[in-house]
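Notes follow once the structure below has been shown.
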Amino acid sequence: MSDHSQLTSVEKKRLRDRRAQQNSRSKKLHHISQLEERIARLEEQVAYCRQHHTDEGFYQRTEEMKSLRRHNESLLAQQRQLKSLVQSWDLDLLDSPTAPTRAFYRPVGDNEVARPPPPTAVSFSPIDPLEASRRTLPIPPIPPILPPLPPLGVTMTPTPGPTDSPSPLWKRIPLNNDDPSAPYMSFLAYPEQIRASPDSPASPLDLLYGSKTNVLADLVYRTTKRRPLRDPERLACGWLAYHLFKWIFSPSPSRFARLPTFMLSVSDQINIPHLSSIDLMIWPEIRSNLIRRWHIYEGQRDDLFGFLSCCIKVRWPWGESILERDDQDQLRIRRSFYETFMTIEGWGLTPDVIRSYPSILTGVDLPSIVYEVL
1 MSDHSQLTSV EKKRLRDRRA QQNSRSKKLH HISQLEERIA RLEEQVAYCR QHHTDEGFYQ
61 RTEEMKSLRR HNESLLAQQR QLKSLVQSWD LDLLDSPTAP TRAFYRPVGD NEVARPPPPT
121 AVSFSPIDPL EASRRTLPIP PIPPILPPLP PLGVTMTPTP GPTDSPSPLW KRIPLNNDDP
181 SAPYMSFLAY PEQIRASPDS PASPLDLLYG SKTNVLADLV YRTTKRRPLR DPERLACGWL
241 AYHLFKWIFS PSPSRFARLP TFMLSVSDQI NIPHLSSIDL MIWPEIRSNL IRRWHIYEGQ
301 RDDLFGFLSC CIKVRWPWGE SILERDDQDQ LRIRRSFYET FMTIEGWGLT PDVIRSYPSI
361 LTGVDLPSIV YEVL
């Protein structure tokens with residue numbers, strides 16, 4: 001280090017000025033570099049919008065939908081042919097003189113060896129899926145990719161036997177088939193901690209910013225943090241997800257009573273194995289469409305749910321507070337906000353979903369859910 005003790009006060013001042021100017025130039029260059037990077041990102045976004053948000057891009061997506069629809073109709077025709085062929089084989093087998101009769105299924109005696117019954121085609125649904133796919137139902141005025149599905153109330157509903165009694169609603173848990181090793185299913189790794197978590201979060205901040213004492217609230221927070229949600233959607237979706245998973249992992253009438261009506265399981269959720277992420281969708285019709293057509297969306301799971309998380313909105317004024325203080329000066333959910341997201345009318349979908357994924361909206365009253373963010 002050079003010795004500046006011999007410098008005069010004027011020279012020391014000049015040295016300080018030079019250092020200050022050098023630091024100022026370095027800050028300006030760094031700031032200019034950041035601005036140039038930001039401009040480059042904005043130019044990329046503009047180029048992307050010009051490429052995909054044009055009439056030509058809309059025409060291309062329309063053609064792709066038409067092509068997918070033709071392909072789907074072709075697959076359905078092949079399926080009908082295969083079914084007819086298999087049915088003809090069954091008829092030939094029944095008409096055969098060596099065809100087994102019902103005596104084949106008699107009880108096995110003590111000295112007899114049990115033989116397995118011949119393979120038969122078993123259907124777990126009282127509705128023929130091919131016949132159901134050909135039903136004509138009212139659909140919204142959008143270009144559908146797939147034929148309409150049968151109504152929710154008659155799909156995959158098991159018929160109780162003469163001695164069977166229907167189970168209570170609070171026991172009808174969704175039939176999930178998640179992969180426990182999947183990174184997005186961290187809930188499955190903490191079943192005991194979730195059961196030990198309180199029935200409701202102690203503070204809305206646990207859902208907005210995480211918690212070190214409430215495992216379920218922290219899991220919900222980490223899950224919603226993966227999506228670009230605003231605070232109103234993060235808190236509302238987190239509240240619904242918290243109480244839904246609390247009920248699923250530890251069913252009881254009181255926990256079931258905390259769920260809003262639109263989050264109750266429909267028959268498809270109870271009878272058809274599906275991802276638990278689908279259970280978090282707000283509208284029952286969309287949940288059913290996703291479950292019955294999951295083979296279409298399975299390869300684009302992250303894109304689909306990421307897109308939907310951006311398009312699902314709470315009908316709440318922009319910039320309006322969602323929290324308030326109680327008598328003990330503690331933050332709580334604002335009552336008017338709570339009453340909004342606990343009703344189906346308090347939620348909406350931006351029109352982007354209608355343009356990008358029209359088939360998941362089959363059977364949905366579009367005017368009632370479309371929501372333009374101002």
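Under UniProt numbering, the first residue of the sequence shown carries the number 1, and numbering increases by one thereafter. Yeah, the Cβ is synthetic: ideal placement off N, Cα and C, and Gly gets one too.
Distance between residue j and residue i (C-alpha atoms, nearest Å)
i, j, result
"Arg195", "Pro201", "13 Å"
"Glu73", "Leu304", "23 Å"
"Thr62", "Gly306", "22 Å"
"Pro284", "Asp365", "12 Å"
"Leu290", "Gln45", "30 Å"
"Glu64", "Val215", "44 Å"
"Lys225", "Asp231", "11 Å"
"Glu324", "Gln21", "49 Å"
"Arg41", "Leu82", "52 Å"
"Leu76", "Gly299", "20 Å"
"Lys12", "Gln328", "59 Å"
"Arg70", "Tyr48", "29 Å"
"Ser211", "Leu188", "18 Å"
"Pro367", "Lys66", "24 Å"
"Ser9", "Asn23", "21 Å"
"Arg19", "Ile39", "30 Å"
"Ser197", "Ala241", "14 Å"
"Asp326", "Glu339", "17 Å"
"Arg50", "Pro251", "50 Å"
"Leu29", "Glu36", "10 Å"
"Val266", "His295", "19 Å"
"Ile32", "Glu43", "16 Å"
"Glu192", "Leu264", "23 Å"
"Gln60", "Gln34", "36 Å"
"Ile142", "Ala257", "Confidence at Ile142 is low in this model, with a pLDDT of 37, below 50, so its placement is unreliable and the value that follows should be read with caution. Distance between the alpha carbons of Ile142 and Ala257: 36 Å."
Proximity of residue i and residue j at Cβ, strictly below 8 Å
i, j, result
"Val353", "Leu280", "no"
"Val314", "Phe341", "yes"
"residue 378", "Ile282", "The requested residue 378 does not occur in the structure, where the chain is confined to residues 1 to 374."
"Asn176", "Ser26", "no"
"Pro228", "Cys310", "yes"
"Arg335", "Ser321", "no"
Nonlocal neighbours in the same chain, by C-beta distance under 7 Å from residue i, ignoring five residues either side
i, result
"Pro259", "Per the sequence shown, residue 259 should be read as Leu rather than Pro. Counting only Cβ-Cβ distances below 7 Å, and skipping sequence neighbours, we find His243, Leu244 and Trp247."
"Leu205", "Leu331"
Residue i at chain C interface by Cβ criterion, 8 Å
i, result
"Arg301", "Absent from the structure: chain C. Only one protein chain is present."
Supposed close pair residue i, residue j - CB separation, criterion 8 Å
i, j, result
"Arg293", "Ser359", "7 Å"
"Tyr209", "Tyr221", "7 Å"
"Ser203", "Leu331", "6 Å"
"Leu207", "Trp239", "6 Å"
"Pro174", "Ile270", "6 Å"
"Ser288", "Asp268", "4 Å"
Reference residue i; option with closest CA among the options
i, options, result
"Trp316", "Pro204, Ala257, Tyr221 and Glu372", "Glu372"
"Phe249", "Arg172, Pro273 and Leu76", "Arg172"
"Leu235", "Ser252, Ala217 and Pro251", "Ala217"
"Phe262", "Trp347, Glu192 and Arg14", "Trp347"
"Gly319", "Phe337, Asp329 and Gln328", "Phe337"
"Pro273", "Gln6, Asp178, Ile32 and Arg18", "Asp178"
"Cys237", "Ser197, Pro251 and Ile278", "Ile278"
"Tyr297", "His31, Asn23, Ala241 and Leu68", "Leu68"
"Glu233", "Leu349, Ala257, His295 and Leu264", "Leu349"
Sequence-distant residues of its chain with Cβ nearer than 8 Å to residue i (five each side left out)
i, result
"Ile286", "Ile360, Leu361 and Val364"
"Arg255", "Trp170, Asp199, His243, Lys246 and Trp247"
"Arg16", "none"
"Ser186", "Leu219, Arg222 and Thr223"
"Leu7", "Leu15"
Cutoff 6 Å; reference residue i; Cβ partners in own chain excluding five residues on either side
i, result
"residue 450", "The requested residue 450 is not part of the displayed model; the chain covers only 1 to 374."
Any non-hydrogen atom of the ligand COA closer than 7 Å to residue i Cβ
i, result
"Val220", "The ligand content of the structure shown is nil, which means the ligand COA is not present either."
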